[in-house]
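Please read the structure below before turning to the comments.
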Amino acid sequence: MSTPNGTGDDGTDFADSDEPTTVYDLAAGCTLDDIDSGEKYVGTVNGVVEYGVFVDLSESVSGLVHSSNLIGSYDVGDEVIVELAEVRPDGDVSFTEVQLADYVREQVGPGQEVTGETLPDAVGDEVHLDGKVVQIKQTGGPTIFQVRTASAVVPCAAFEEAGVRAYPDIELDDVVRISGTAETREGYTQIEVDSIATLDGEARETVTERFEKAGPATPADVEPLIDWPAFEKLRGDLQTVAARLRETVLEGRPIRMRHHADGDGLCASVPLQYALEQFIEATWEDPEAPRHLLKRLPSKAPFYELEDVTRDLNFALENRKRHGQKLPLFLMLDNGSTEEDTPAYRNLTHYDVPILVVDHHHPDPEAVEGLVEKHVNPYLYDEDYRITTGMMSVEIARMIAPDVTDDLRHVPAVAGLADRSDADAMDEYLALASEEGYDKHRLVDIGEALDYATYWLKYNDGRELVNDLLNVNCDDTERHERLVDLFTERAERDVETQLDAALEHVTREELDNGAHLYRIDVESHARRFTYPAPGKTTGKIHDKKVEETGDPVITIGYGPDFAVLRSDGVRLDIPEMVAELQAEVPGGGVSGGGHLVVGSIKFVSGMREAVVDALVEKMADAEIDEDLGSSAVISE
Amino acid sequence: MSTPNGTGDDGTDFADSDEPTTVYDLAAGCTLDDIDSGEKYVGTVNGVVEYGVFVDLSESVSGLVHSSNLIGSYDVGDEVIVELAEVRPDGDVSFTEVQLADYVREQVGPGQEVTGETLPDAVGDEVHLDGKVVQIKQTGGPTIFQVRTASAVVPCAAFEEAGVRAYPDIELDDVVRISGTAETREGYTQIEVDSIATLDGEARETVTERFEKAGPATPADVEPLIDWPAFEKLRGDLQTVAARLRETVLEGRPIRMRHHADGDGLCASVPLQYALEQFIEATWEDPEAPRHLLKRLPSKAPFYELEDVTRDLNFALENRKRHGQKLPLFLMLDNGSTEEDTPAYRNLTHYDVPILVVDHHHPDPEAVEGLVEKHVNPYLYDEDYRITTGMMSVEIARMIAPDVTDDLRHVPAVAGLADRSDADAMDEYLALASEEGYDKHRLVDIGEALDYATYWLKYNDGRELVNDLLNVNCDDTERHERLVDLFTERAERDVETQLDAALEHVTREELDNGAHLYRIDVESHARRFTYPAPGKTTGKIHDKKVEETGDPVITIGYGPDFAVLRSDGVRLDIPEMVAELQAEVPGGGVSGGGHLVVGSIKFVSGMREAVVDALVEKMADAEIDEDLGSSAVISE
Amino acid sequence: MSTPNGTGDDGTDFADSDEPTTVYDLAAGCTLDDIDSGEKYVGTVNGVVEYGVFVDLSESVSGLVHSSNLIGSYDVGDEVIVELAEVRPDGDVSFTEVQLADYVREQVGPGQEVTGETLPDAVGDEVHLDGKVVQIKQTGGPTIFQVRTASAVVPCAAFEEAGVRAYPDIELDDVVRISGTAETREGYTQIEVDSIATLDGEARETVTERFEKAGPATPADVEPLIDWPAFEKLRGDLQTVAARLRETVLEGRPIRMRHHADGDGLCASVPLQYALEQFIEATWEDPEAPRHLLKRLPSKAPFYELEDVTRDLNFALENRKRHGQKLPLFLMLDNGSTEEDTPAYRNLTHYDVPILVVDHHHPDPEAVEGLVEKHVNPYLYDEDYRITTGMMSVEIARMIAPDVTDDLRHVPAVAGLADRSDADAMDEYLALASEEGYDKHRLVDIGEALDYATYWLKYNDGRELVNDLLNVNCDDTERHERLVDLFTERAERDVETQLDAALEHVTREELDNGAHLYRIDVESHARRFTYPAPGKTTGKIHDKKVEETGDPVITIGYGPDFAVLRSDGVRLDIPEMVAELQAEVPGGGVSGGGHLVVGSIKFVSGMREAVVDALVEKMADAEIDEDLGSSAVISE
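Protein chains in written order, with UniProt numbering: chain A, 1 to 636; chain B, 1 to 636; chain C, 1 to 636.
Pasting the structure below:
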């Protein structure tokens, strides 16, 4: 908004004229951009010095009327009519006093001040809004500035010329005052920009303080779903993550969620996706924002593969170049806390790409330290995998968008069962799910159905299917039920077919420590490229054998260059075993990792016999511990 | 269209006024939406009862003038001027009679009635149209309702506010009356909507009856291309499919075509794609409709893989969510009729996703029964694979868009040769193709060229290339010819190179039944990941051996976990063999299927020797039948 | 632009009328399209013959006034007022003389003539422009004709009706005169079309001559980066390629760049991509043109695979159909010159798809001859691989956009080191790079970093990452440096891990010719599906062994159906060996190729032993030549 043209004259003011001269009375919010030279303004004296008086025209516009330009004599608080004399390069402003026989006063304002919340009520009005520029997108028409206020992000459309960047001096993260007209467009409200002024110094401070005071990034203070002291140790960390994610949304930075493509990984990522979409919808006026600001990507490997990170990074760089997007924040869910992830992280180090990890796999904290901004993991608090990622994520989701709670009560139980958590708290989670109508076997089924779907979806996120299966953000519970029935039945049948072939070839031996060792060559004696894959096939054989024998049991499923390990009642400590094998089998090319009772090992195919033999020797020395089990929950 | 405002007055009608009062005369097509209270309308008495008279204002608007509201006395057929008194919740309407000293009559109409066919002639006019809403798409500007009339689908653009859903009460499949202005837009005609009214009861009935009467879904009654009694048994089924596909187009449901990626599969899918695109163009005003309503997808496997169906389903669900599309109908061509397809079908069961199958592979009718809406297969009529899918599809294509006939006469012959059909009718199909200038070797070449192209295209549909090779929907016959030359030559050269290596390693033995058995390890003795793939390599070896020996011949091409089978002069009955092997080789993980003389078997690699040995034993017992042959046609 | 309507009358001119008649004076540029019958024009006699006079109305409009239609008598150069009498089918024009008592003259012109360069200065003006139509794209609104002038391509928007093709008679490659208004749109200038007239005969000639005279396709005459006589033999070829690429851009034909996905391939393709984008931006007004006209695609194989070409071709055909694009020119970089590429080329033969090859691999010139338009290769001039493709491409890039020179000085050295060129000229290239601040080890690092990135990017072009790594078109040198550090470190660590396993399994023997032969089974004794891949792993082992022994060394890394060969100090001549093995090992399925000292061989897996044994026998007979080396540069 600028002072209306054509109403004033050129300074010869005492001349005869039919029309009285207009004197403008600036609203407090006006900036220097609202001042035109040659126009008259009413100001208030706020200081009297030897060489003149200081006059305020608005909060941010004030300047000196030098004695030589002063007609009358004034005290602090007096009104005085002035014209702009000069704006110096250093920003100092000076005025000249003007005296008028006859004049009319006209209010000039940057419009009412609005925030993201009050904007929709001001449609059609002149408004102004203070905030931070978090995205700048050039369209074929106007330039769209997404401006963050205390708790919402407002699109402001500035038109210079079709396709031409308006206000080229305004940059990302500038704190600005936008003046313009509130208008409705494609179902949301935006400001049609008249002017953008950068706010500096105190004015800027005021805005950013407001952000902090309003605290929109502060996670909601939700009651724990269940009473579980062990879990509570992690609450502070979860709040940190929730706050960071909320802040990330408000700052216009996209979030790229990378999650383990299994049951727990989906129980972790789907609720968070749901909550974040709710939060984005609540805070961004632009209805396309959820689609642009959030992406959920399944990772087939249990760690962040170099192929994935290289392409993620390149994708992010291109989005920045082509769509003016900030580089994303990466959120690793149910993976990301081990040595194996660090090569990927290092690739991101030199870009502005923060990484958050929420995982319950046995971590290598020193390895990821310094590479990620936040690493949340129960092992860091002497807890273990039994606090699953899904359990943690549901709490984070609730801190971001408390309203999602009702849709998520059953999810921690699904996550726990999918990852065979035998935590004491499982009973409470099961009770919670039961209140929602899910019995234990149903919850197991949901996990199996998710696992089955994700196998066939490969790199596709399968958004709609997965939401339906987990019954999160799904509008038809009956469909959810039929779909779980269907997928479970299919999964069971495929497992049966696989075991039909495989079980015939499982060999059994007894180790010195009394454990039963079962071995199966899953490459030669199971169908390939179908569900269940080697790891799951091994697990299913293991479960069957535990059921049959009830003793300490270890199962190895091996292919040409890998082995999958499962144990019940034996403490394997797979990460340690890998370290020992690396030293003991030269040229074995051994790597791998896992939990205490579940894991996998890779080696070069020519050394399979040597590696597996050495591995079995170690297993024969392993400690028997009846409490440890990878199949405890399911097999009961 | 509603009655013009501002011309009437507020009911004090006998008062002095310069202007005579306006009385509206509603056109027959007007609905209750066209009536404003306070306005006067002329009606016709259509019934006189004790307590008043019934008056019709239009076809669908009529009501009672109760004696207490009646001034004069009328007979059936008399005109009477009324005002709206009340519309009851049950839809009953009552009027009040009005008498006027002076008035002018004004026609009010919903515009001329148009259909999809007559709409383009009414550009610029006020029109109305009755039909069924088959798609609702929200754009950044108006909401687009695609409305089906008897035989065309018309886009109707309703603008509420940019990006805001207009008429939120109108849902998919509602029968409606649209009033508005016919206008030209981007090369087609649409209605700019003034009002949408739902039609219920009788009015709805009338519209849907009109759909049935017009019978646009009724397949064209085309003459058979050739005289072939065996084929005629299937005609009823083919008509059912044609009708369903036409209806599907008119109902705005997308079609997802999944076809076997080989010669016959392309001869089946390409003509149908061509015919359906013609039909969509003829019936939908929206020029983008062919692209949105039809997708042709090659399947690499000879059955519907779980990976494919899972992604297809998720894709369909997302399209529904994002573009307001109905879930698609799946059309399986040259695959889809066996047990192996049922897992995929089961995944679709609980969604509104009809499945049609047109196939000539040996079916498991009980397995697919109840999962698919229609299963067309010559085996169901005691015929066999010699009626190829391409032959059937060409007839369906002609029933959908008869004009395509001239472009398709050569296609059944290509299909028959590609799938080695030795049906007697092949002579007639060859004669038909010959009339179009294709001799037999040329037709074989086209099949080979298609096979070659599809191998390298992998999951890509290769639309333009494939159309050029088959000379369907191809605008340059010379290019077609050069391209077939080129691809055939390349394919032959690659086959030669492959056989150069492989033939050296083929072993030969004589079975007890006198058949020659040839074996080749196609994984160890043929180039991998290149054309021809193992199945085709085995076939080419087989053809060569049949030519050399002329005796009953069986060829097995095996890899680590599969075997491809081909026979001439021996009845193998591969589906039965698979069933027997499953029982006889425990832990073999055997599966597979095929025709009587062509098939493939899978097993776990560790059991290859046991499975192949058992298989050869069976072959030694198989019946010799000189008439059976997989290479009869080609090898002559 | 046509003559204004409504100002003239219908030919009864001597009648009394208040307004004097208007006589139009056509500007030189006007065409027949600017003439209306019934209007009067002033012309100039340019010839007097027995039967009348010839009159010019403009440069391209002239015709006969037959004696019977002539009132006065005129000499050459006289003015005469005429009306149009007839335009014959053969284009001949005749006029009728008109004499007027009183008239006013009005200038009618096609506006000032503009070229691509002067257009932006004419915004708001009536203009005309002569040029060649190089692209026609139908949008939902106007039809966009991209019109090439001598040295720029200008978008001309013609609106018939939304979405309807304007001027349907105008075709690609027509030479036309466009009249209209220059206007600014989305940051560039276009012409809003009033009329398009085809120019034929002389007028057409004039335009195309202007193209040739302006010579925008003529490559810039750049000074060689270094003084290297061997390289200079190729300069003429490089100029031919540069000219063809410039011409291709101006003709609106897209360029599809297929390059070897390794260090030298990137050093060849990235600079050319950069230069071509600069050139497109400089010559095309449409800011989207660089994205539409150029695509860089990495090829994983060292030759043009059938899968790639089939999909490329189909993609090109679809773009032609859907976006009105011409079929592309293919530019093969650092691959494309061998027999193995010819199947792919043959697939393109019958389409209008020119192919250019710039390569330094040992070529089969006869094989590619006739299939490609231009084949540039140092071997054709008795030079060899030491002139790398990157070195050649940098020169081509400079000929296309000389301004890129400063950003590319270091690239030839990177290319040379990446491909182990021990050319004498390497010293000069290293010196050049050193001036830019890159020392030799750094340049090696860049090559390794590129190699590492490209391995993980797979089929993705990784545009931003690759630009950053090579520091070409990268805006932040510091980021480049950190990224190279990071990627090099990661690559080294991965190589180390790989060698840790592999070196244990390397066997050594001494051949009869005194060379050391090292063998490693890279499938069994190295990690699969990770960096470094088998070829690189073999190379790294080889380098280590050369360093250890310093003697003539050959290394074979083999898998089930392939072998990678590297040698130092032995002349292997791999292409010849392959030819011999094909003859000597029947059923071996041998193929392959390479340089003299680096190469790879494929065979069927069942014949590995026979092939490798025969290969080793040949190696024992190979000539020792201390000068030949694949690791000379790196190992110093």
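C-beta atoms are modelled at their ideal positions from N, C-alpha and C, and glycine is treated no differently.
Name the DSSP bridge partner or partners of B/L499?
-> B/L499 pairs with nothing; no bridge assigned.
Quick one: give me the first and last residue of the alpha helix (DSSP H) that B/C267 is part of.
-> G263 to T283
Select from C/P142, C/D25, C/S94 and C/T477 the residue whose C-alpha is nearest the C-alpha of A/H350.
-> C/T477
Who does C/M391 pair with in a DSSP beta bridge?
-> C/M391 pairs with nothing; no bridge assigned.
Classify B/G416 as helix, strand or coil using the three-state DSSP reduction.
-> helix
So which residues on chain A does B/D561 lean against when the C-beta distance must stay under 9 Å?
-> S524, R527 and R528
Give every residue of the same chain whose Cβ lies closer than 6 Å to the Cβ of A/L294, excluding the five residues on either side of it in the sequence, and list them in chain order.
-> I255 and L276
Given a cut-off of 9 Å, decide if C/L380 and C/P363 are closer than it, judged by their beta-carbon atoms.
-> yes
What's the gap between the Cα of B/V495 and the Cα of B/I541?
-> 10 Å
In this structure, what does DSSP give as the bridge partners for C/I144?
-> C/K137 and C/A157
Following the continuous beta strand (DSSP E) through C/L572, name the residue where it begins and the one where it ends.
-> Premise fails: C/L572 is in no beta strand (DSSP E) and is neither H nor E.
Cα-Cα separation, C/A537 to A/L499 = Reading off the sequence, residue 537 of chain C comes out as Thr, not Ala. C-alpha separation (whole angstroms): 38 Å.
For B/M257, which beta-bridge partners are listed by DSSP?
-> B/R296 and B/L331
Measure from the C-beta of B/N69 to each C-beta in chain A and report whether the shortest distance is under 9 Å.
-> no
Tell me which same chain residues have a C-beta within less than 6 Å of the C-beta of C/T198, skipping the five on either side of it?
-> D174 and V176
To which residues of the same chain is B/P224 closer than 8 Å at the C-beta, ignoring the five residues directly before and after it?
-> F231, E232, R235 and E395
Which runs of the alpha helix (DSSP H), 4 residues or longer, sit entirely within the region 463-488 of chain B?
-> 463-470
Using the C-alpha atoms, what's the distance from B/T206 back to B/F14?
-> Note that B/F14 scores 39 on pLDDT, short of 50, meaning its location in the model is unreliable; the coordinates nonetheless yield the value given after this. Cα-Cα distance, rounded: 42 Å.
Can you say whether B/Y459 is buried or exposed, counting buried as having 16 or more other CB atoms within 10 angstroms of its CB?
-> exposed
Beta-carbon spacing of A/Q135, A/K326 below 9 Å = yes
Short-range partners of chain A found in the region 334-352 of chain B, where Cβ spacing is below 9 Å = P343, R346, N347, T349, H350 and Y351
Using a Cβ-Cβ cut-off of 8 Å (strictly less than) and excluding sequence neighbours within five positions of A/P552, which residues of its own chain qualify?
-> N513, G514, A515, H516, S567, D568, G569, V570, I624 and E626
Would you call the region 326-337 of chain C and the region 372-390 of chain C in contact, with 3 or more CB pairs under 8 Å?
-> yes
C/S94, DSSP secondary structure in three states = strand
Would you list, in chain order, the members of the region 277-294 of chain A that have their beta-carbon closer than 7 Å to a beta-carbon of chain B?
-> none
Mind checking if C/E464 is an interface residue toward chain A, Cβ cutoff 9 Å exclusive?
-> yes
Closer than 9 Å at the beta carbon, the chain C residues around B/N460 | T310, R311, N314 and F315
According to the neighbour-count rule (16 or more other Cβ atoms, all chains shown, within 10 Å of its Cβ), is C/I71 buried or exposed?
-> exposed
If we count the other Cβ atoms within 10 Å of its Cβ and call it buried at 16 or more, is C/D341 buried or exposed?
-> buried
Whose C-alpha, out of C/D286, C/A282, C/L119 and C/E50, is nearest the C-alpha of C/P155?
-> C/D286
CB A/V65 to CB A/E97, shorter than 9 Å?
-> yes
Cβ pair C/I400, C/R246 closer than 9 Å = yes
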